[in-house]
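The sequence shown: position 135 = 134 (numbering that gives the first Met the number 0), numbered continuously.
Cβ coordinates follow ideal geometry from the N, Cα and C atoms, glycine included.
A short write-up of the structure that comes next.
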Amino acid sequence: MTAQTPPTPPFRDPHLPFAKRIDDLLARLTLDEKVGFLHQYSPAVARLGVAAFRTGQEALHGVAWMGPATVFPQAVGLGATWNEDLVRRVGDAVSKEVRAMRARDDRVGLNVWSPTVNLLRHPLWGRNEEGYSEDPKLTSAIATAYTRGLRGDHPTYWRTAPVLKHWLAHNNETGRDISSSSVRPRVLHEYDLRAFRETVEAGAVAGVMPAYNLVNGRPNHVSPYLREQLRTWTDEDLLVCSDAGAPSNLVDSEHYFDTHEEATAASLLSGVDSFTDHGTDGSTIVARVQGALDQGLLTEADVDAAVRRQLSVRFRLGEFDPAQDPHADIKDFDTPAHRALAQEAAEQAVVLLKNDDDLLPLAHDTRLAVIGLLADECKLDWYSGTLIHRSTPLEGLYERFGAERVEFAEGVDRVRLRTSQGAFLHVPLADAEDEVRGAEGALDPALLAGRTDLPPLTTDDTGTELALVDWGEGVLTLRAPDGRYLSVAEDGYVRASADQPGGWVVQETFRLEPHENGHLLLHIGTGRHVSVAADGVKVAEKGAEVFEVVVAERGEDAVARVAEAADVVLVVAGNDPHINGRETEDRTTLRLPAHQERLLRAARTANPKTVLALVSAYPYTVDPAGLPAILWTAHGGQAAGTALARVLAGDVSPAGRLPQTWYASDTDLPGLLDYDVIGGRQTYLYFEGTPLFPFGHGLSYASFVYGGLRAQVELDAVHVQFTVTNTGDVTADEVAQLYTRATDPSVARPRRELAAHRRVTLAPGEAAVLSFEVPLSAFGFWDVARGGHRLEPGPYELLLGASSEDIRLRTTVTLDGEPAAPRPLLQRGLDAADFDEQSGGEIVDRTKVAGDAVTPAQGGTAELTYWHCDFGAGVTEVTVEVAGEGVVELSLDGGPALARLALSAPTSGPYGYTTLGAGIVAEGVHDVHLKLRGPLRLAHVGFSG
Numbered sequence: 000m001t002a003q004t005p006p007t008p009p010f011r012d013p014h015l016p017f018a019k020r021i022d023d024l025l026a027r028l029t030l031d032e033k034v035g036f037l038h039q040y041s042p043a044v045a046r047l048g049v050a051a052f053r054t055g056q057e058a059l060h061g062v063a064w065m066g067p068a069t070v071f072p073q074a075v076g077l078g079a080t081w082n083e084d085l086v087r088r089v090g091d092a093v094s095k096e097v098r099a100m101r102a103r104d105d106r107v108g109l110n111v112w113s114p115t116v117n118l119l120r121h122p123l124w125g126r127n128e129e130g131y132s133e134d135p136k137l138t139s140a141i142a143t144a145y146t147r148g149l150r151g152d153h154p155t156y157w158r159t160a161p162v163l164k165h166w167l168a169h170n171n172e173t174g175r176d177i178s179s180s181s182v183r184p185r186v187l188h189e190y191d192l193r194a195f196r197e198t199v200e201a202g203a204v205a206g207v208m209p210a211y212n213l214v215n216g217r218p219n220h221v222s223p224y225l226r227e228q229l230r231t232w233t234d235e236d237l238l239v240c241s242d243a244g245a246p247s248n249l250v251d252s253e254h255y256f257d258t259h260e261e262a263t264a265a266s267l268l269s270g271v272d273s274f275t276d277h278g279t280d281g282s283t284i285v286a287r288v289q290g291a292l293d294q295g296l297l298t299e300a301d302v303d304a305a306v307r308r309q310l311s312v313r314f315r316l317g318e319f320d321p322a323q324d325p326h327a328d329i330k331d332f333d334t335p336a337h338r339a340l341a342q343e344a345a346e347q348a349v350v351l352l353k354n355d356d357d358l359l360p361l362a363h364d365t366r367l368a369v370i371g372l373l374a375d376e377c378k379l380d381w382y383s384g385t386l387i388h389r390s391t392p393l394e395g396l397y398e399r400f401g402a403e404r405v406e407f408a409e410g411v412d413r414v415r416l417r418t419s420q421g422a423f424l425h426v427p428l429a430d431a432e433d434e435v436r437g438a439e440g441a442l443d444p445a446l447l448a449g450r451t452d453l454p455p456l457t458t459d460d461t462g463t464e465l466a467l468v469d470w471g472e473g474v475l476t477l478r479a480p481d482g483r484y485l486s487v488a489e490d491g492y493v494r495a496s497a498d499q500p501g502g503w504v505v506q507e508t509f510r511l512e513p514h515e516n517g518h519l520l521l522h523i524g525t526g527r528h529v530s531v532a533a534d535g536v537k538v539a540e541k542g543a544e545v546f547e548v549v550v551a552e553r554g555e556d557a558v559a560r561v562a563e564a565a566d567v568v569l570v571v572a573g574n575d576p577h578i579n580g581r582e583t584e585d586r587t588t589l590r591l592p593a594h595q596e597r598l599l600r601a602a603r604t605a606n607p608k609t610v611l612a613l614v615s616a617y618p619y620t621v622d623p624a625g626l627p628a629i630l631w632t633a634h635g636g637q638a639a640g641t642a643l644a645r646v647l648a649g650d651v652s653p654a655g656r657l658p659q660t661w662y663a664s665d666t667d668l669p670g671l672l673d674y675d676v677i678g679g680r681q682t683y684l685y686f687e688g689t690p691l692f693p694f695g696h697g698l699s700y701a702s703f704v705y706g707g708l709r710a711q712v713e714l715d716a717v718h719v720q721f722t723v724t725n726t727g728d729v730t731a732d733e734v735a736q737l738y739t740r741a742t743d744p745s746v747a748r749p750r751r752e753l754a755a756h757r758r759v760t761l762a763p764g765e766a767a768v769l770s771f772e773v774p775l776s777a778f779g780f781w782d783v784a785r786g787g788h789r790l791e792p793g794p795y796e797l798l799l800g801a802s803s804e805d806i807r808l809r810t811t812v813t814l815d816g817e818p819a820a821p822r823p824l825l826q827r828g829l830d831a832a833d834f835d836e837q838s839g840g841e842i843v844d845r846t847k848v849a850g851d852a853v854t855p856a857q858g859g860t861a862e863l864t865y866w867h868c869d870f871g872a873g874v875t876e877v878t879v880e881v882a883g884e885g886v887v888e889l890s891l892d893g894g895p896a897l898a899r900l901a902l903s904a905p906t907s908g909p910y911g912y913t914t915l916g917a918g919i920v921a922e923g924v925h926d927v928h929l930k931l932r933g934p935l936r937l938a939h940v941g942f943s944g
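Below, the structure written as structure tokens:
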């Protein structure tokens with residue numbers, strides 16, 4: 000007899016819908032197996048032939064952490080291109096490299112944790128480099144393009160499965176796991192949620208990752224908005240992956256729950272499907288879920304819901320249909336097309352900020368002095384891959400202008416460090432191969448250790464001259480003549496061993512601390528001082544050496560020598576993405592570090608034809624006076640230097656545009672934790688000052704004329720048409736930008752708001768007719784009086800131009816809408832967080848599950864105003880739902896207090912709400928003013944009579 004072939008289980012049948020196949024597989028899995036799937040590293044189920052699965056592959060601007068890959072410009076640089084087609088092609092290339100790399104290294108995952116759609120609200124945020132823009136419309140446009148490229152265009156099977164980061168209102172590294180973003184409803188719906196929503200609705204998103212912070216007093220990993228908002232935007236099953244270690248933070252640092260079982264259950268019920276915690280070891284999360292099940296905090300159905308969403312992603316990635324997977328044989332890696340695309344992206348990201356007297360582009364025979372700490376660098380950030388190809392500005396200029404026409408001065412201070420015994424620090428010769436950090440790839444690069452195969456520093460009579468750079472706030476790097484940076488490995492010895500500063504905890508930064516007649520040398524990574532021992536130089540708790548810094552040459556002296564002999568000077572300044580502004584560390588100022596300001600002054604003094612090229616992950620404030628030309632580009636990846644050189648030479652006309660406001664001073668900035676973009680007048684939407692450079696700004700080597708503006712309202716949209724003509728003598732790109740403005744709003748509305756944009760290439764004399772269709776919903780706002788979006792009737796201005804401040808054409812359309820109506824107090828009362836204006840308050844969680852309340856910041860005093868409240872024919876009583884201790888006072892139209900409601904004794908904790916009542920007499924429509932005193936929480940105000 001012939002043994003019968005076992006029937007193919009339904010979950011293996013590619014002809015069945017994914018939903019039925021997932022039902023079948025779920026039914027075959029045991030509860031223990033399903034619980035195991037909830038950790039980031041889901042184990043294999045051998046009896047069913049189900050492979051292991053990992054959520055999370057970093058790919059923000061190229062495949063990261065897994066070794067060599069094509070490195071594209073930082074995300075903020077991709078945002079500066081304002082070019083969705085380009086960014087889609089970048090996403091396409093990245094996803095193909097993910098597939099190609101996975102074919103030879105199964106550690107490479109297909110669930111891609113990218114892009115970051117956090118809005119660049121505050122330019123001091125350490126992770127500014129990861130976002131696209133301060134504007135939700137531009138952010139969602141670029142993010143949608145990138146996710147479409149990552150997803151691929153097959154109707155069924157996804158090339159990779161992108162996850163958006165970081166949900167929600169997350170713009171600070173300072174106290175990021177314990178700080179709460181106070182986000183009023185208008186800001187929530189008009190700003191923070193919008194970038195996520197429009198990207199998810201575009202249909203190429205597989206999930207989101209909650210952020211470390213809290214929003215309105217509640218951790219994002221138990222956010223009700225995951226259910227109430229996110230999952231209503233699409234019919235797809237979205238996979239919610241926790242950020243690394245965040246599930247444990249709910250108990251360990253945030254103290255939001257008493258036990259990890261409670262925290263894990265609350266996260267799962269809120270919508271978290273995959274727990275990234277304890278590295279590759281899933282046993283702790285499994286034990287917590289099992290404990291929650293045993294305590295009745297979870298049911299098997301709750302586990303099934305989360306596992307279903309993970310399986311949905313895995314089926315879409317073709318895991319269970321290898322024969323049908325159209326992406327399985329992709330081998331596109333470091334191809335000529337990818338290299339060309341990296342260069343194109345770097346070129347399109349360059350923004351020309353100033354160009355007096357058309358100093359740029361440079362003539363082909365220009366004698367050029369290239370100066371600066373970034374001039375011969377191709378910097379990587381935490382989410383970069385390892386470079387296969389590398390181009391620095393200096394190398395690009397050598398290639399473009401000829402090495403004989405380019406002189407270079409880095410501008411480092413060249414020093415020797417003399418000990419108290421009169422000897423000098425000495426870097427021994429090392430007979431060892433160069434190593435590039437991360438070249439081999441690592442699932443967790445934070446665990447990569449420093450090199451110990453090189454000899455430690457010693458001392459001798461002459462010492463070694465070191466290149467000292469002050470990156471700001473006294474944070475120094477020291478580099479040996481062979482290019483290696485002084486670093487400290489786990490054994491505590493100081494070696495010249497690192498190719499670049501880097502790592503989760505940077506081990507290549509130091510600080511000189513004045514001490515007696517010299518300086519102590521503090522190693523920042525370990526917090527220990529450098530000492531000199533018989534077996535070498537090391538860091539130690541005791542025995543700190545006192546050094547004298549002997550300067551062989553100041554950086555500005557070398558700069559002046561080179562600059563004065565050149566036709567034009569190019570100063571390349573900016574940041575190292577691992578120092579003073581990165582994940583875990585916010586910046587403290589917009590200013591350039593003092594060391595780089597010294598170099599810029601020296602160059603400008605020696606030669607008035609000084610061009611400043613800022614290569615940075617974020618905006619700076621600089622004095623443009625005396626600088627005829629200024630450019631900015633984010634760290635541009637592997638082709639950064641070639642791209643910058645081609646722009647300077649005029650091979651490419653610059654057409655990047657600023658994706659965020661460049662403020663003139665630190666005094667223009669709100670507090671880092673002030674998330675109220677409306678009340679705080681933040682971003683170009685509301686900022687009323689004069690920026691250094693405005694949102695959308697960027698110059699060209701060509702000139703453009705706008706004309707023929709026509710606008711009309713048809714059905715549910717405003718249709719706009721106009722002409723752009725290149726009146727210059729070079730082919731160039733123009734970025735046409737359409738802004739809208741409510742001219743007679745009933746509430747604070749943006750000064751102007753981006754509604755559409757288009758990047759177009761035009762030859763000299765060529766004209767293009769462009770058209771935009773703006774949905775009427777884009778003119779609406781979140782009306783707190785009704786708890787929903789509303790289009791206000793009236794006139795709206797349409798502003799067309801080359802930036803948010805360079806408006807070339809304008810017209811007005813009148814839109815029908817829903818008129819404002821007074822708040823119906825008798826029907827709805829007032830939810831405390833639905834204020835129109837406030838001072839001194841912050842929004843907190845009403846309960847641990849849902850809802851908002853308002854409390855005075857730090858237990859002080861808060862004032863809340865609610866406009867146009869309709870008391871009808873009259874009310875006789877007011878009630879307040881409050882917790883804590885303190886007083887609520889009510890007045891109308893700024894008059895005397897009509898009611899004073901006091902908690903005579905503290906309630907049972909922050910969620911122990913009680914209702915207080917008082918008699919009042921009021922009728923008609925009034926503005927309601929509430930004053931809160933003391934550490935109380937106000938959730939709701941009711942009226943009756």
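Distance from the CA atom of Gly-290 to the CA atom of Asp-251, rounded to whole angstroms, is 18 Å. Spatial neighbours of Glu-489 in its own chain (CB-CB distance under 8 Å, excluding positions within 5 residues in sequence) are listed in chain order as Ala-448, Gly-449 and Thr-451. Per DSSP, Phe-17 is one residue of the alpha helix (DSSP H) stretching across 17-27. Residue pairing by DSSP places Phe-780 opposite Arg-789 in a beta bridge. With contacts defined as CB atoms closer than 8 Å, Ala-79 and Pro-114 fail to qualify as a contacting pair.
Positions of the beta strand (DSSP E) runs, each at least 3 residues long and wholly inside the segment 556-634, are given as 567-573, 609-614 and 628-632 in order along the chain.
In this structure, the straight-line span from the alpha carbon of Asn-117 to that of Pro-154 is close to 28 Å. In the DSSP assignment, no residue is bridged to Cys-377. Counted as a single uninterrupted DSSP element, the alpha helix (DSSP H) harbouring Met-100 occupies residues 83-103. Val-759 and Val-285 have their C-alpha atoms some 53 Å from each other.
From the listed residues Thr-689, Ala-654, Asp-650 and Leu-657, the smallest Cα separation to Leu-668 is found for Thr-689. By alpha-carbon distance to Gln-736, the top candidate from Lys-136, Val-97, Thr-69 and Thr-418 is Lys-136. Pairing Leu-708 with Leu-351 gives a Cβ-Cβ distance that is not under 8 Å. Taking Leu-691 as reference, the option from Asp-320, Gln-659 and Glu-713 with the minimal CA-CA separation is Gln-659. In the DSSP assignment, Val-768 forms a beta bridge with Thr-722.
Counting only runs of 3 or more residues that sit fully inside the segment 483-569, the beta strand (DSSP E) segments are 484-487, 493-497, 509-514, 517-522, 527-532, 535-539 and 545-552, in chain order.
Under the three-state reduction of DSSP output, Tyr-382 falls in the coil class, being neither helix nor strand.
Note: Thr-458 is bridge-paired with Leu-424 in the DSSP secondary-structure output. Residue range 245-251 is occupied by the alpha helix (DSSP H) that includes Asn-248.
Distances from the alpha-carbon of Asp-673 to those of Ala-265, Gly-839, Ile-523 and Tyr-131 put Gly-839 closest. Gln-595 places its beta carbon 8 Å or farther from that of Leu-367.
For the beta strand (DSSP E) assignment, the uninterrupted runs of no fewer than 3 residues enclosed by the segment 171-215 are, from N- to C-terminal side, 206-209. Taking C-beta atoms as the reference points, Phe-780 and Val-746 count as a pair closer than 8 Å. In the three-state reduction of the DSSP assignment, Leu-465 falls in the strand class, which pools E and B. Cβ neighbours of Arg-27 within its own chain (closer than 8 Å, five residues either side excluded): Pro-8, Phe-10 and Leu-47. Taking the Cβ atoms as the reference, Tyr-700 lies roughly 6 Å from Ala-731, within the contact range of under 8 Å. Closest option to Trp-112, judged by alpha-carbon separation, among Glu-83, Ala-144 and Pro-161: Pro-161. From the listed residues Leu-225, Glu-733 and Thr-722, the smallest Cα separation to Asn-82 is found for Glu-733. Around the beta carbon of Ser-890, 16 or more other beta carbons lie within 10 angstroms, which makes this residue buried. In the structure shown, Tyr-674 adopts coil according to DSSP, grouped into three states. Taking the C-beta atoms as reference points, Glu-507 is found no nearer than 8 Å to Glu-172.
Just so you know, the alpha carbons of His-928 and Asp-892 end up roughly 7 Å apart. Under the three-state reduction of DSSP output, Arg-750 falls in the coil class, being neither helix nor strand.
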